[in-house]
Amino acid sequence: TEIGAWTSLSRFMAFNLRLSGTLPTEIGAWWASIYTFRVNSNALSGTLPSEMAQWSSLGFFNVIQNAFTGAIPAITVSSVCRFALVGAPFGNEFDCPPPANLSTPCTTSAAVITRPCGGTAIS
133 TEIGAWTSLS
143 RFMAFNLRLS
153 GTLPTEIGAW
163 WASIYTFRVN
173 SNALSGTLPS
183 EMAQWSSLGF
193 FNVIQNAFTG
203 AIPAITVSSV
213 CRFALVGAPF
223 GNEFDCPPPA
233 NLSTPCTTSA
243 AVITRPCGGT
253 AIS
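For our numbering, count along the sequence shown from 1 and bump the result up by 132.
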């Protein structure tokens, strides 16, 4: 896949573009150092690849308003500034429970975690 050649990608922002289909599982390995991943407000479906757990530099993650289902990958969120998975009524229907590192109540609407970068959670 041509997108696999983007091995040093730090930001992927493809939101509100009417994209459809599933995310390739390979993106976890391709983009291990990605900082921003935004695919919100599309028509993407399927599961979030578990390989996303390899992302160690993630700062912003937003997949709201799609049709994702299944388990939420155990993405490292300790340094994440914005982590948005929100589901129904905004599209996604994730399985419960979420990964332990999210430490948020589980509903099918999942989680939005916002922190100052490198800081503590905002209440």
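Ideal placement from N, C-alpha and C gives every residue a C-beta, glycine not left out.
Residue burial classification, residue i (beta-carbon count within 10 angstroms, cutoff 16)
i, result
"residue 180", "buried"
"residue 150", "exposed"
"residue 107", "In the structure displayed, the chain extends from 133 to 255; residue 107 sits before or after that span and is not available."
"residue 202", "exposed"
Cα-Cα separation between residue i and residue j, rounded to whole angstroms
i, j, result
"residue 165", "residue 144", "11 Å"
"residue 141", "residue 189", "11 Å"
"residue 159", "residue 147", "17 Å"
"residue 153", "residue 178", "8 Å"
"residue 185", "residue 161", "9 Å"
"residue 200", "residue 187", "19 Å"
"residue 224", "residue 216", "11 Å"
"residue 138", "residue 192", "18 Å"
"residue 302", "residue 227", "What the structure shows of the chain is the stretch from 133 to 255, and residue 302 is not part of that stretch, so it cannot be assessed."
"residue 204", "residue 168", "17 Å"
"residue 196", "residue 208", "18 Å"
"residue 155", "residue 163", "13 Å"
Whole-angstrom C-beta distance between residue j and residue i, which should lie under 8 Å
i, j, result
"residue 194", "residue 176", "The pair is not a contact, with the Cβ atoms about 12 Å apart (cut-off 8 Å)."
"residue 134", "residue 157", "Incorrect: roughly 16 Å between the Cβ atoms, too far for contact."
For residue i, the nearest candidate out of the options (CA to CA)
i, options, result
"residue 170", "214, 228, 226", "214"
Fully enclosed by the segment 158 to 186, which alpha helix (DSSP H) runs are 4 residues long or longer?
159 to 162
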